[in-house]
Structure formats: C-alpha cells, structure tokens
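Under the UniProt record's numbering, the first residue of the sequence shown is numbered 1, with each subsequent residue one higher.
Scroll down for the structure; my scribbles are underneath it.
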Amino acid sequence: MPENTSLQLPASSYIRRYGEPGWTTRPQAFGFMEPSFDAIDESFEEFLVKIKYPNPAADSFTDVSQHNFLAMLSGNVKTIDIVVGDGFKRTWNLHETLLCAASSFFQGAMRGQFREVSERKVYIKDDINDVFTLFVQWLYARSFSAPSMELLLRAYVFGDWVGASGFCTMALDKLYMEALKSEFSAEQVIWVAENTLPNSDLRRLVMDFVALKILSGRPFFSQEEWETLTPVHTELLKKVAVLSRRQAWVNPAMVTVPLLLPKLVYGIFNF
Numbered sequence: 001m002p003e004n005t006s007l008q009l010p011a012s013s014y015i016r017r018y019g020e021p022g023w024t025t026r027p028q029a030f031g032f033m034e035p036s037f038d039a040i041d042e043s044f045e046e047f048l049v050k051i052k053y054p055n056p057a058a059d060s061f062t063d064v065s066q067h068n069f070l071a072m073l074s075g076n077v078k079t080i081d082i083v084v085g086d087g088f089k090r091t092w093n094l095h096e097t098l099l100c101a102a103s104s105f106f107q108g109a110m111r112g113q114f115r116e117v118s119e120r121k122v123y124i125k126d127d128i129n130d131v132f133t134l135f136v137q138w139l140y141a142r143s144f145s146a147p148s149m150e151l152l153l154r155a156y157v158f159g160d161w162v163g164a165s166g167f168c169t170m171a172l173d174k175l176y177m178e179a180l181k182s183e184f185s186a187e188q189v190i191w192v193a194e195n196t197l198p199n200s201d202l203r204r205l206v207m208d209f210v211a212l213k214i215l216s217g218r219p220f221f222s223q224e225e226w227e228t229l230t231p232v233h234t235e236l237l238k239k240v241a242v243l244s245r246r247q248a249w250v251n252p253a254m255v256t257v258p259l260l261l262p263k264l265v266y267g268i269f270n271f
C-alpha cells in the first residue's frame, strides 16, 4: 500500500470540459493509482436538470405552446396575402394559422368555397394601412403603440369589424388611459356614434367619459361643438341620468350643464 493515501486531483485526462459526458463515479486518484471509469451518455448539467425536474412533460413543446402563442408557427405553416387599400395598395404576407386564430373574419374567409381560399389572398379595400400596421404589430407581439387618440378609435372599430376581440381589448385599454389625460373631441364622439352599435364597449366608454365631464361641472365643449353633438344629445342625456343616480355627490353645487341641455330636457319630456 503506498504511503501517500491522501485525496488528489484526477489526472488532466479525467477532467472533462463543460457539457462533455460525465462519469458513473467521481474521478479520484489515490497515490499513483487511478481507477478505471465508465463514461455515461449525459453531461453533469443534464444530470442536474434531471434532479430538478424529475418528471418532464411527455411533449415539452406542448407545454411551451400553452404559454407562447407563436408556437403555432412551427411546422409547415402557410401564409396568405392581405391586400389593404383602394388607391394605394399594400400587400401583407401573414401566417394563416396566426391570423385565423386571432380573427373570426379571416378564419371565415379562408374556409369553404370562397375565392380567397384558392387565391390565398384577401382584399380590404379601405385605406387603413396605418390601422392595419397596428393590427400586424399586435398579431405577432400582442402589443402595439399608437400615436393618437383618433388612431386608437379607428383601431378598435377595425378590430371589431374583423372579429379580433383581443385587439379590441388592448385598444380599449389604451383609449381609457388616454382619456384620463385628454378629451374626446365632438367630431370623435360623432364618429364613434356613426361607426359603432349602441351596445359597443367603445361607444359606452366614450359616452360615459363625456357624461362624467358634464356631471363634474367641467364640460369641455364650446357652444358650436354642442351643436355638432346634436345627433347624440339624447344618448348623452340618458347617460347623465344613469350616472347621476349612481354618483355619490359631495358638492352638488359643482354640477352644471351646458345651456343646450335644459332645452333638450324640455323638448324630450315636454316640461
């Protein structure tokens, strides 16, 4: 038996590189004797992963796809052309699976016996490339940024038209945050009324904000703008009535209404 029996470092030939296969036993050298070792097919890092995650999913990709919507782009995914515009046309080549999963309109266009199926091309004749840019950005990133309130309004209406509820939800959230900092113009209120249904979430948001401004004593429309709002006077008045029943008034003296509203009240209820 050698005199020197202290634990020594293994020879350099036994020191592995990062990621190389490990050993079934820890390489050790006792004196001048170096035992033989059997190599295994996994690295030490892989061994640690097995300890931390002893029961991996049968299909790890399935687990990833539940948390990342872009996983649907794997494999043989087809694309379709979306031609947007009337005068100036711009063609967008987008993944069919992703587009149809986000929009009921495009899903319907690519099903059945429509020309879009054989041509693999969908036409949107409105000049809305600025809005469609936001939609494409949201489609692949689930986020977008818009420089103006008007663009957000148009984005919501477009999303509602193509049946993209997720896009509408994000546009509505951004509109709410913008409305806390700025005001809807009279033209924007009329535009929303003309391009949405009475039960639209966008319409309710805009009308509620205007009604709250009226009830708070801070109407921001001029006399001329109130004339512009004539088509929605009745709707606004109903909103004011509903909100006033729910509002806990602390200082009733703060509640004022524009000059046109009393005339409207008398006209509707024949006072």
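Note that CB positions come from ideal geometry on N, CA and C, so glycine has one too.
All values derive from a computational prediction rather than experimental measurement.
Same chain, Cβ closer than 7 Å to residue i, neighbours up to 5 away in sequence not counted
{"i": "S244", "result": "L215"}
{"i": "residue 320", "result": "Because the chain spans 1 through 271 in this model, residue 320 falls outside it and cannot be assessed."}
{"i": "A58", "result": "Because A58 carries a pLDDT of 49, less than 50, the predicted location of this residue cannot be relied on, and the following value inherits that uncertainty. Same-chain partners within the cutoff: there are none."}
{"i": "R120", "result": "I80 and D81"}
{"i": "F93", "result": "Phe is not the amino acid found at residue 93; the sequence shown has Asn there. If we look at N93 and ignore the five residues flanking it on each side, its Cβ neighbours are T79 and D81."}
DSSP state of residue i mapped onto helix, strand, coil
{"i": "L94", "result": "strand"}
{"i": "F111", "result": "Rather than Phe, the amino acid found at residue 111 in this sequence is Arg. DSSP places R111 in coil when its eight states are reduced to three."}
{"i": "I190", "result": "helix"}
{"i": "S143", "result": "coil"}
{"i": "S60", "result": "Unreliable positioning characterises S60 in this predicted model, as indicated by a pLDDT of 47, which lies under 50. A coordinate reading is not provided."}
{"i": "I128", "result": "coil"}
Sequence-distant residues of its chain with Cβ nearer than 8 Å to residue i (five each side left out)
{"i": "A186", "result": "F221, E225, W226, T228 and L229"}
{"i": "L152", "result": "A146, A171, K174, L175 and E178"}
{"i": "D208", "result": "K239 and L243"}
Cβ shell of residue i (< 6 Å), same chain only, five flanking positions each side left out
{"i": "D127", "result": "G85 and D86"}
{"i": "S148", "result": "none"}
{"i": "G91", "result": "Strictly speaking, residue 91 in this sequence is Thr, with Gly absent from that position. Once the five neighbours on either side are set aside, the close Cβ partners of T91 are D81 and V83."}
Bridge partner(s) assigned by DSSP for residue i
{"i": "D81", "result": "N93 and K121"}
Presumed contact (8 Å Cβ cut-off) between residue i and residue j, rounded CB distance
{"i": "L202", "j": "V192", "result": "6 Å"}
{"i": "I124", "j": "L99", "result": "That belief does not hold up - the Cβ atoms of I124 and L99 are roughly 12 Å apart, past 8 Å."}
{"i": "V157", "j": "N195", "result": "5 Å"}
Burial state of residue i, where buried means 16 or more other Cβ atoms lie within 10 Å
{"i": "G159", "result": "buried"}
{"i": "V83", "result": "exposed"}
{"i": "F144", "result": "buried"}
{"i": "S200", "result": "buried"}
{"i": "L197", "result": "exposed"}
{"i": "L180", "result": "exposed"}
{"i": "F132", "result": "buried"}
{"i": "residue 273", "result": "As shown, the chain starts at 1 and ends at 271. That puts residue 273 outside it, with no answer to give."}
{"i": "R154", "result": "buried"}
{"i": "A164", "result": "buried"}
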